Amino acid sequence: MDQPLCRSVLITGANRGIGLGLVQGLLAASPCPEVIIATCRCPESAQELQKLCKQYSNIRVLPLDVVSENSIKETVKKVEDIVGEKGLNCLINNAGINVFGSLEDVTMEAMLTTFKTNTVAQLMLSKAFLPLLKKAAKQSATMGCHRAAIVNMSSISASIALAKPNDNFHVIYPYRTSKAALNMVTKSLATDLKLEGILCIALHPGWIQTDMGGTMAPLKVHDAIPAIISLLAQLSEKDNGAFLDWQGNILPW
Ligand SMILES: NC(=O)c1ccc[n+]([C@@H]2O[C@H](COP(=O)([O-])OP(=O)(O)OC[C@H]3O[C@@H](n4cnc5c(N)ncnc54)[C@H](OP(=O)(O)O)[C@@H]3O)[C@@H](O)[C@H]2O)c1
Numbered sequence: 011m012d013q014p015l016c017r018s019v020l021i022t023g024a025n026r027g028i029g030l031g032l033v034q035g036l037l038a039a040s041p042c043p044e045v046i047i048a049t050c051r052c053p054e055s056a057q058e059l060q061k062l063c064k065q066y067s068n069i070r071v072l073p074l075d076v077v078s079e080n081s082i083k084e085t086v087k088k089v090e091d092i093v094g095e096k097g098l099n100c101l102i103n104n105a106g107i108n109v110f111g112s113l114e115d116v117t118m119e120a121m122l123t124t125f126k127t128n129t130v131a132q133l134m135l136s137k138a139f140l141p142l143l144k145k146a147a148k149q150s151a152t153m154g155c156h157r158a159a160i161v162n163m164s165s166i167s168a169s170i171a172l173a174k175p176n177d178n179f180h181v182i183y184p185y186r187t188s189k190a191a192l193n194m195v196t197k198s199l200a201t202d203l204k205l206e207g208i209l210c211i212a213l214h215p216g217w218i219q220t221d222m223g224g225t226m227a228p229l230k231v232h233d234a235i236p237a238i239i240s241l242l243a244q245l246s247e248k249d250n251g252a253f254l255d256w257q258g259n260i261l262p263w
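Structure representation (structure tokens):
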């Protein structure tokens, strides 16, 4: 990369899995963003992030529970102080949960908890960071992460067009429906924010070995992350409102 992905980026759920991988990948990129804001529920116990803070001066670790309105408010204030008049370029809504539930055993609680974390939180975070994204969008003209963008971590399991009888995803009603709803949130945001110059995409990061992805996943975090970062760096107006996979393929809704 000749240009950094952006000046400032915020990643939710950055203490482990793909979120931590993104932080590590961005820190290793050359050039790397000036400000990387890694958020997680419990910074005190996020040992990997704490180590990175000692090594790099451009990473800030902030507490953020994405389902707490107070926590979101507090984080926005802190991020405002960090990014200043230049605003926030890129919000990566990565935090998510996978609560299992087949038709036989799915519960109302599982559905509602998953929707709150995987759909509602992303919309509320996008709303809360909008003023900072708008500030960043005013600084340049062409669309992309370098200007202002919201990246929502979705999943191929949410594709209604690709759903097949008895596919591997029939046991995850809460997860796949929450991500399908997140896709609609993304499309709606893309439409609403186009004129502001803020790009929005839904991204399937690949099936990756993490606590959520499990050990059967074909990709390791360090295999997928460089491709994801390079994809994010190449996003432009034509990608606004798209559902993409980690290799840049357009996925059907
Ligand atoms: N791995 C895959 O194969 C795969 C495939 C498709 C999509 N995805 C998506 O990619 C994203 C990251 O997945 P992953 O595999 O890295 O999952 P993971 O290893 O289970 O990590 C999930 C992250 O989300 C955080 N989180 C959950 N609830 C939160 C909350 N209320 N507030 C703040 N943070 C919260 C977790 O924090 P704690 O440590 O505090 O729990 C953790 O940092 C998810 O949105 C997932 O749906 C993953």
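Residue numbers (the numbering used here): 11 to 263. A virtual CB, placed ideally from N, CA and C, is assigned to each residue, including glycine. These figures come from a predicted structure and were not determined experimentally.
Helix, strand or coil for His232 per DSSP?
-> On the sequence shown, position 222 is the one that residue 232 refers to. Assignment of His232 by DSSP, reduced to helix, strand and coil, places it in the helix class.
*asked:* Let me check you understand the geometry: is the CB of Met222 closer than 7 Å to at least one non-hydrogen atom of ligand 1?
replied: Here the question's residue 222 lines up with position 212 in the sequence shown. For Met222, the shortest separation between its Cβ and any heavy atom of ligand 1 lies below 7 Å.
### Leu72 CB to nearest heavy atom of ligand 1 below 7 Å
On the sequence shown, residue 72 is found 62 positions in, with the first residue counted as 1. Result no, Cβ not under 7 Å from ligand 1.
Which complete alpha helix (DSSP H) runs does the region 174–231 hold, if anything under 4 residues is left out? 183–203
Is Asp221 closer than 8 Å to Gly27 when the C-beta atoms are compared?
Start at 1 with the first residue of the sequence shown, and residue 27 comes out as number 17. Start at 1 with the first residue of the sequence shown, and residue 221 comes out as number 211. Yes, these two residues count as a Cβ contact at 8 Å.
### Message
Considering only their Cβ atoms, is the gap separating Leu32 from Ile102 smaller than 8 Å?
### Response
Taking the sequence shown and counting its residues from 1, the one referred to as residue 102 is at position 92. Taking the sequence shown and counting its residues from 1, the one referred to as residue 32 is at position 22. Cβ distance < 8 Å, so Ile102 and Leu32 count as in contact.
**Report entry** Contacting residues, own chain, Cβ-Cβ under 7 Å from Met153 (five flanking each side not counted)
**Finding:** Indexing the sequence shown from 1 puts residue 153 at position 143. Taking Met153 as the centre and dropping the five residues before and after it, the same chain places the C-beta of Gly207, Leu209, Ser246, Glu247, Asn250 closer than 7 Å to its C-beta, in chain order.
- Item | Neighbourhood of Ile260 by C-beta distance below 8 Å, restricted to the same chain and skipping five residues each side | Position 250 of the sequence shown holds residue 260. Within the same chain, Ile260 has close Cβ partners Ala252, Phe253, Leu254.
(message) Among Ser198, Thr117, Phe179, Val86, whose alpha-carbon lies nearest the alpha-carbon of Leu143?
(response) The residue you call residue 143 lines up with position 133 of the sequence shown. Ranking the options by Cα distance to Leu143, first place goes to Val86.
Problem - Rounded separation between His156 and Lys148 - CA only - result: As a first step, residue 156 is located in the sequence shown; it is residue number 146 there, counting from the start. As a first step, residue 148 is located in the sequence shown; it is residue number 138 there, counting from the start. Each residue's alpha carbon lies about 12 Å from the other.
* Asked: To the nearest angstrom, how far is it from the Cα of Asp91 to the Cα of Leu241?
  -> The residue given as residue 91 occupies position 81 in the sequence shown. The residue given as residue 241 occupies position 231 in the sequence shown. Near 29 Å, if we compare the C-alpha coordinates of Leu241 and Asp91.
Checklist entry - Does ligand 1 have even one heavy atom less than 7 Å from the beta-carbon of His156? => result In the sequence shown, the residue the question calls residue 156 occupies position 146. Flag unset: Cβ of His156 not near ligand 1.
Just to check, is the beta-carbon of Val50 closer than 7 Å to a non-hydrogen atom of ligand 1? Residue 50 sits at position 40 when you count from the first residue of the sequence shown. Sequence check: residue 50 is Cys here, not Val. It does: the Cβ of Cys50 is within 7 Å (strictly closer) of some heavy atom of ligand 1.
| beta strand (DSSP E) runs contained entirely in the region 15–83, provided each spans 3 or more residues | 18–21, 45–50, 69–73
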